[in-house]
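Below is one structure; the comments refer to it alone.
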Amino acid sequence: EAGVAQSPRYKIIEKRQSVAFWCNPISGHATLYWYQQILGQGPKLLIQFQNNGVVDDSQLPKDRFSAERLKGVDSTLKIQPAKLEDSAVYLCASSHGTNNEQFFGPGTRLTVL
Amino acid sequence: GENVEQHPSTLSVQEGDSAVIKCTYSDSASNYFPWYKQELGKGPQLIIDIRSNVGEKKDQRIAVTLNKTAKHFSLHITETQPEDSAVYFCAASIAGNEKLTFGTGTRLTIIP
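Quick mapping for you: the protein sequence lines, in order, are chains A and B. Under my numbering, the first residue of the first sequence is numbered 1, with each subsequent residue one higher. Under my numbering, the first residue of the second sequence is numbered 1001, with each subsequent residue one higher.
What follows is the structure, encoded as structure tokens:
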């Protein structure tokens, strides 16, 4: 089966600019996650969707980050405006349901200058 | 919330030797403990997982042990090979909540 797809793979922007990331989960996976992975650290959950509804966004910096999952399939994560500390790899993952394996995409490496 | 600590942060072993990575968790309600392998430029890939109703699980050269009383779990890799070189992450999640809390990672280097 096809894996989780993400684009772009790399993005370089200046601080205060906006950026958007796209994720296409594995077909049939109802749950979608966005993680932030800062260099040298483990992934940190930003937001979790169940179909097109938000399950957990407690660690999403809502003043600058937003995410949506229209029609319960693809998802976009946006940062506006970006800060230097947003430089990280943004990982998308999907799963069938509770405590099932999470399949990760290759990630988008964001550099904010 | 859950807190997961992972040790060591770096580990170098001779090819053919064994490697052990250890993690501790804080929330006794956690019941699912996966291990992920992340290669350079790629997303994490699940290599093995264990649930709180078992104490040990093995898959070829990889094994995971869980001590619920002490709230720690470990990854064991035997007969290490160069392709085992990567960053390994442990994680934990609480029953009824799919949210994974990850450790800080262990960079494993296999010396030929």
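Heads up, the beta-carbon is just placed ideally off N, CA and C, and yes, glycines get one too.
**Message:** Give me the DSSP bridge partner(s) of B:P1034.
**Reply:** B:D1049
**Item:** Interface flag, B:K1099 vs chain A, CB-CB below 8 angstroms
**Value:** yes
**Request:** Take B:S1085 and list the residues in its own chain whose beta-carbon comes closer than 7 angstroms to its own, dropping the five residues that flank it on each side.
**Result:** L1108, T1109 and I1110
**Request:** May I ask you to list, following chain order, the residues of the segment 1037-1066 of chain B that have a beta carbon less than 9 angstroms from some beta carbon of chain A?
**Result:** Q1038, G1041, K1042, G1043, P1044, Q1045, L1046, D1049 and R1051
**Prompt:** So, B:Y1103 versus B:A1095, is the Cβ gap smaller than 8 angstroms?
**Reply:** According to the sequence provided, residue 1103 of chain B is Gly. The question's Tyr does not apply to it. No, they are not a contact pair.
**Message:** Less than 7 angstroms between C-beta atoms, sequence neighbours within five positions excluded: which residues of the same chain meet that for B:P1112?
**Reply:** E1015 and P1082
**Item:** Cα-Cα separation, A:Y35 to B:F1073
**Value:** 23 angstroms
**Prompt:** Any idea what DSSP makes of A:E14, helix, strand or coil?
**Reply:** coil
**Message:** Within 8 angstroms of any Cβ in chain A, is that where the Cβ of B:T1104 sits?
**Reply:** yes
**Item:** N- and C-terminal bounds of the beta strand (DSSP E) containing A:N52
**Value:** No beta strand (DSSP E) holds A:N52; DSSP gives it neither H nor E.
**Message:** Below 9 angstroms on C-beta distance, what does B:F1073 contact in chain A?
**Reply:** Correct list: empty, because the minimum Cβ distance to chain A is about 15 angstroms.
**Message:** So, at 6 angstroms on beta carbons, what are the nonlocal neighbours of A:F21 in its own chain, with the 5 sequence-adjacent residues on each side left out?
**Reply:** L77, Y90 and T108
**Asked** For the candidate residues B:G1105, B:T1106 and B:L1100, whose alpha-carbon lies nearest to that of A:Q32?
**Response** Correcting the residue identity first, residue 32 of chain A is Leu in this sequence and not Gln. Of the candidates B:G1105, B:T1106 and B:L1100, the one whose C-alpha sits nearest the C-alpha of A:L32 is B:L1100.
**Message:** Quick check: the Cα distance between A:N51 and A:I38, rounded to an integer number of angstroms?
**Reply:** 27 angstroms
**Asked** By a C-beta neighbour count over all protein chains shown, 10 Å radius and 16 as the cutoff for buried, is B:N1003 buried or exposed?
**Response** exposed
**Message:** Can you give me the C-alpha to C-alpha distance between A:E14 and A:I79, rounded to a whole angstrom?
**Reply:** 12 angstroms
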